[in-house]
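Colleague: Input: one structure, supplied below.
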Amino acid sequence: FNGRVAERHLENLKIVRHVGLREYKATLEDMSENMHRLWRIIMEDLSATDIYHEPNFTCKLESYFGKAIVVPFPFCVVIMYDEDPNVTAQLRTEDELEAFVAENRRPEILEARENRIKLRALEGHIVTVPGRLINSSSSKVAERTYKGKLSIERTSYAAWGSHRVGPGFHVTVSIKSTAQDTEAQESSAARRRRTTAAVTGLAPSARVLGHSDLGIGSDFRLSSRLSDFFEANETAILIGLADTKRCLQEYRDYYLDMLDQKDGTLSYAFFSDVYCDSEVSEAQLKALLDKERHQHVRRIPHDHAGDIRCLYARLQCVYASEVHMWWYIFWDDLYRRNWQVIQQFRKRESHFSPYSPESICYRPMPRDELERFIAGTEKGGYRYGKGIARFLHAGVLNRLYARLDALVKPIEAETVAMTAPFANAESGHVVAMPPSSSFLGAAMYATSGVPPAGMPAHAGAGNGAAVDDLRFPEPSHDGNSYW
346 FNGRVAERHL ENLKIVRHVG LREYKATLED MSENMHRLWR IIMEDLSATD
396 IYHEPNFTCK LESYFGKAIV VPFPFCVVIM YDEDPNVTAQ LRTEDELEAF
446 VAENRRPEIL EARENRIKLR ALEGHIVTVP GRLINSSSSK VAERTYKGKL
496 SIERTSYAAW GSHRVGPGFH VTVSIKSTAQ DTEAQESSAA RRRRTTAAVT
546 GLAPSARVLG HSDLGIGSDF RLSSRLSDFF EANETAILIG LADTKRCLQE
596 YRDYYLDMLD QKDGTLSYAF FSDVYCDSEV SEAQLKALLD KERHQHVRRI
646 PHDHAGDIRC LYARLQCVYA SEVHMWWYIF WDDLYRRNWQ VIQQFRKRES
696 HFSPYSPESI CYRPMPRDEL ERFIAGTEKG GYRYGKGIAR FLHAGVLNRL
746 YARLDALVKP IEAETVAMTA PFANAESGHV VAMPPSSSFL GAAMYATSGV
796 PPAGMPAHAG AGNGAAVDDL RFPEPSHDGN SYW
């Protein structure tokens, strides 16, 4: 994370695309003080490896230890079990997370976690194995101690510094068959620390000790065998234990600090409360931005006062009605996706760019007027149906105005009800032209309550199916369609 506001905004956008805006908002509403407390506890102590969780579903696992991965938002803890990483548990609700914290604070689980960390402290080192841990018929073997290298096998690779933090925890100790092989694995420093009593003999042949040999059970409790093994390697454990714990804590602290930095750059609430809420007033916007911690975000109302005024003027125009919104979306999308490839968009940018107040995207108009705009030489020669500019043909306009008709119909139905006294009882047709004789008129009527004058009718598409075939209002007695 580079600490940029834009980077955080894009991250929030990716989250919304993945989970949906409804779940995104619901997660923000559910983040109570207790959920924040649980989040902090889990991030500080219960993420990474050596985490316990007994799933509430049936599975063929003997051990319920694994790696906990924290998804910060929407807050979720994913447990990848050591025995089988394909078996996972997801904890989302407050009750599940409370139970997760409680079970990892049980004394027997704390003991088991400590035993696992001690074994991690010995990973990659030459360890001492008491002979009584080696199954042998020879009494001499039981009386001796042996040397071997301790390894921990994991199901996936993930490293943090010199330590591996992936899921999986299968411990083995490889004992060499000769003194030369054993001593070759030891560093010069280890050989200097070795005493005569530390190695009094060698295993009769090379072999690998596993969990049962070392007394490691599925619950990782301290058995007599494991206690003997720890006692024989007490010095090595003391040397490596602090480094192992420090590494795991650094791993947790790194991600905790990064999440704090992200929240300090741009909150998750910004996306839903500011970016996705078009009804926020200018005063409310300033109050919401004051809640942010990043100074650049807090200073937006001051540093970009002119831009914000233009933004609200633009919103006032676009949100005048559903018709205005849909009209804007159509032209805005057409321009943004094609301005680099359609030459006319670049030549007459002020006519099409949503950044221009003169743009067509802010001026809904009936179809015949749009056709004149496209074909008119005074507007740059945007030919309709022929010539080099074929991006607006009859099919596109048919679909555009069919959609606009669908938006106008509810308003027209209300208008018909209002003019019912003037209806012809025999035909069922309204004798007087309804006030909403165009979608622009309907929008004006819906927003102002003042019925506009009727607009000229459209006679047909010219080089394709008539637009009347795709629209559905009843014609008036003079035979004119609403478009």
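Heads up: the sequence shown runs through residues 346 to 828, numbered per the working numbering. We treat Cβ as the ideally placed atom computed from N, Cα and C, and that holds for glycine.
#1: Which one or two residues does DSSP pair with residue 337 in a beta bridge?
#2: Please report the straight-line C-alpha distance between residue 836 and residue 350, rounded to a whole angstrom.
#3: Go to residue 632, then tell me how far its alpha helix (DSSP H) extends in each direction, as first and last residue.
#4: Start and end of the alpha helix (DSSP H) containing residue 408?
#5: For residue 717 and residue 675, what's the separation of their Cα atoms in angstroms?
#6: Roughly how many angstroms separate the alpha carbons of residue 468 and residue 614, rounded to a whole number?
#7: Using CA coordinates, which residue listed in 748, 383, 431, 616 is at the minimum distance from residue 362?
#8: Around the Cβ of residue 460, are there at least 16 other Cβ atoms within 10 angstroms (buried) or fewer (exposed)?
#9: Which value, in whole angstroms, describes the spacing of the CA atoms of residue 712 and residue 751?
#10: Do residue 420 and residue 388 have their CB atoms nearer than 8 Å?
#11: Between residue 656 and residue 683, what straight-line distance do the alpha-carbon atoms span, to the nearest angstrom?
#12: Quick one: residues in its chain with C-beta nearer than 7 Å to the C-beta of residue 545, no 5 flanking neighbours on either side, listed in chain order?
#13: Please tell me whether residue 446 and residue 404 are closer than 8 Å, where the distance is taken between their beta carbons.
#14: Would you check if the distance between the CB atom of residue 563 and the CB atom of residue 392 is smaller than 8 Å?
#15: Quick one, which of 600, 620, 369 has its alpha-carbon nearest residue 390's?
#16: Any idea which residues DSSP pairs residue 591 with across the strands?
#17: In whole angstroms, what is the alpha-carbon distance linking residue 358 and residue 352?
#18: For the stretch 549 to 590, list the beta strand (DSSP E) runs that are entirely contained and at least 3 residues long, ordered along the chain.
#19: Residue range of the alpha helix (DSSP H) that residue 695 falls in?
#20: Since residue 462 contacts residue 567 with CB under 8 Å, what's their CB separation in whole angstroms?
#21: Inspect the beta-carbon positions of residue 410 and residue 397 and report whether they are closer than 8 Å.
#22: In angstroms with no decimal places, state the Cα-to-Cα distance between residue 369 and residue 346.
#23: Are the CB atoms of residue 637 and residue 611 nearer to each other than 8 Å?
#24: Residue 415 and residue 464 look like a contact to me (Cβ under 8 Å); what is the Cβ gap, rounded to whole Å?
#25: Restricting to Cα atoms, I'd like to know which of 719, 476, 715, 741 is closest to residue 574.
#26: How many whole angstroms separate the CB atoms of residue 442 and residue 422, which I take to be in contact at a CB cut-off of 8 Å?
#27: Identify the continuous beta strand (DSSP E) that holds residue 393 and give its terminal residues.
#28: Whose CA, out of 453, 406, 715, 494, lies closest to the CA of residue 470?
#29: Can you tell me where the beta strand (DSSP E) with residue 515 in it begins and where it stops?
#30: According to DSSP, is residue 508 part of a helix, a strand, or is it coil?
#31: Would you identify the three-state DSSP class for residue 740, choosing helix, strand or coil?
#32: Using three-state DSSP, classify residue 663 as helix, strand or coil.
#33: Identify the continuous beta strand (DSSP E) that holds residue 619 and give its terminal residues.
#34: In the DSSP assignment, find the alpha helix (DSSP H) that holds residue 387 and state where it starts and stops.
Modeller: Reading from the atomic positions:
#1: The requested residue 337 does not occur in the structure, where the chain is confined to residues 346 to 828.
#2: Residue 836 lies beyond the stretch modelled for the chain, which goes from 346 to 828, so this question has no answer here.
#3: To locate residue 632, count along the sequence shown from 1; it is residue 287. Residue 632 -> alpha helix (DSSP H) spans 627 to 635.
#4: For the purposes of this step, residue 408 is taken as the residue at position 63 of the sequence shown. Premise fails: residue 408 is in no alpha helix (DSSP H) and is neither H nor E.
#5: Position 372 of the sequence shown, counting from 1, holds the residue named residue 717. Position 330 of the sequence shown, counting from 1, holds the residue named residue 675. Between residue 717 and residue 675, the C-alpha separation is close to 18 Å.
#6: Sequence index remark: in the sequence shown, residue 468 carries index 123 (1-based). Sequence index remark: in the sequence shown, residue 614 carries index 269 (1-based). The alpha-carbon atoms of residue 468 and residue 614 are separated by roughly 44 Å.
#7: In the sequence shown, counting from the first residue as 1, residue 362 sits at position 17. For residue 362, the nearest C-alpha among the options comes from 616.
#8: Numbered from 1 along the sequence shown, position 115 holds the residue referred to as residue 460. Flag for residue 460 reads buried.
#9: Numbered from 1 along the sequence shown, position 367 holds the residue referred to as residue 712. Numbered from 1 along the sequence shown, position 406 holds the residue referred to as residue 751. Cα-Cα distance, rounded: 15 Å.
#10: In the sequence shown, counting from the first residue as 1, residue 420 sits at position 75. In the sequence shown, counting from the first residue as 1, residue 388 sits at position 43. Contact: no.
#11: Here the question's residue 656 lines up with position 311 in the sequence shown. Here the question's residue 683 lines up with position 338 in the sequence shown. Going from the Cα of residue 656 to the Cα of residue 683 covers about 23 Å.
#12: What you label residue 545 is simply residue 200 of the sequence shown in a count that begins at 1. Low per-residue confidence applies at residue 545: pLDDT is 36, beneath 50, and the placement is therefore not dependable enough to give any value.
#13: Position 101 of the sequence shown holds residue 446. Position 59 of the sequence shown holds residue 404. Not closer than 8 Å, so no.
#14: Stepping through the sequence shown from its first residue, residue 563 is reached at position 218. Stepping through the sequence shown from its first residue, residue 392 is reached at position 47. Their beta carbons are not under 8 Å apart, which means residue 563 does not touch residue 392 by this criterion.
#15: As a working mapping, residue 390 is identified with position 45 in the sequence shown. When only C-alpha atoms are compared, the closest one is 600.
#16: In the sequence shown, the residue the question calls residue 591 occupies position 246. When beta bridges are read from the DSSP output, residue 591 appears opposite no residue.
#17: Position 13 of the sequence shown holds residue 358. Position 7 of the sequence shown holds residue 352. Taking the straight line joining both Cα atoms gives about 10 Å.
#18: 552 to 554
#19: As a first step, residue 695 is located in the sequence shown; it is residue number 350 there, counting from the start. First-last of the alpha helix (DSSP H) with residue 695: 694 to 697.
#20: Sequence index remark: in the sequence shown, residue 462 carries index 117 (1-based). Sequence index remark: in the sequence shown, residue 567 carries index 222 (1-based). About 13 Å; that fails the 8 Å criterion.
#21: Looking up residue 410 in the sequence shown gives position 65. Looking up residue 397 in the sequence shown gives position 52. Cβ distance < 8 Å, so residue 410 and residue 397 count as in contact.
#22: Counted from its first residue, the sequence shown places residue 369 at position 24. Counted from its first residue, the sequence shown places residue 346 at position 1. Taking the straight line joining both Cα atoms gives about 21 Å.
#23: Taking the sequence shown and counting its residues from 1, one reaches residue 637 at position 292. Taking the sequence shown and counting its residues from 1, one reaches residue 611 at position 266. Taking 8 Å as the Cβ cut-off, residue 637 and residue 611 qualify as a contacting pair.
#24: Translated into positions along the sequence shown, residue 415 becomes position 70. Translated into positions along the sequence shown, residue 464 becomes position 119. The Cβ separation is near 24 Å, so there is no contact.
#25: Start at 1 with the first residue of the sequence shown, and residue 574 comes out as number 229. Relative to residue 574, the option among 719, 476, 715, 741 whose CA is nearest is 476.
#26: By one-based count along the sequence shown, residue 442 stands at place 97. By one-based count along the sequence shown, residue 422 stands at place 77. Residue 442 to residue 422, Cβ: 7 Å. Contact.
#27: One-based indexing of the sequence shown puts residue 393 at position 48. Counting along the chain, the beta strand (DSSP E) containing residue 393 begins and ends at 393 to 397.
#28: Taking the first residue of the sequence shown as 1, we reach residue 470 at position 125. That would be 494, whose Cα lies nearest to the Cα of residue 470.
#29: Your numbering for residue 515 matches position 170 in the sequence shown. Run containing residue 515: 515 to 520, per the beta strand (DSSP E) assignment.
#30: Sequence index remark: in the sequence shown, residue 508 carries index 163 (1-based). Three-state DSSP puts residue 508 in a strand.
#31: Position 395 of the sequence shown, counted from the first residue, corresponds to residue 740. Helix at residue 740.
#32: Position 318 of the sequence shown, counted from the start, is the residue given in the question as residue 663. In the structure shown, residue 663 sits in a helix (DSSP, three-state: H, G or I).
#33: Numbered from its first residue, the sequence shown carries residue 619 at position 274. No beta strand (DSSP E) contains residue 619, which DSSP labels as neither H nor E.
#34: Stepping through the sequence shown from its first residue, residue 387 is reached at position 42. Element bounds for residue 387: 378 to 390.
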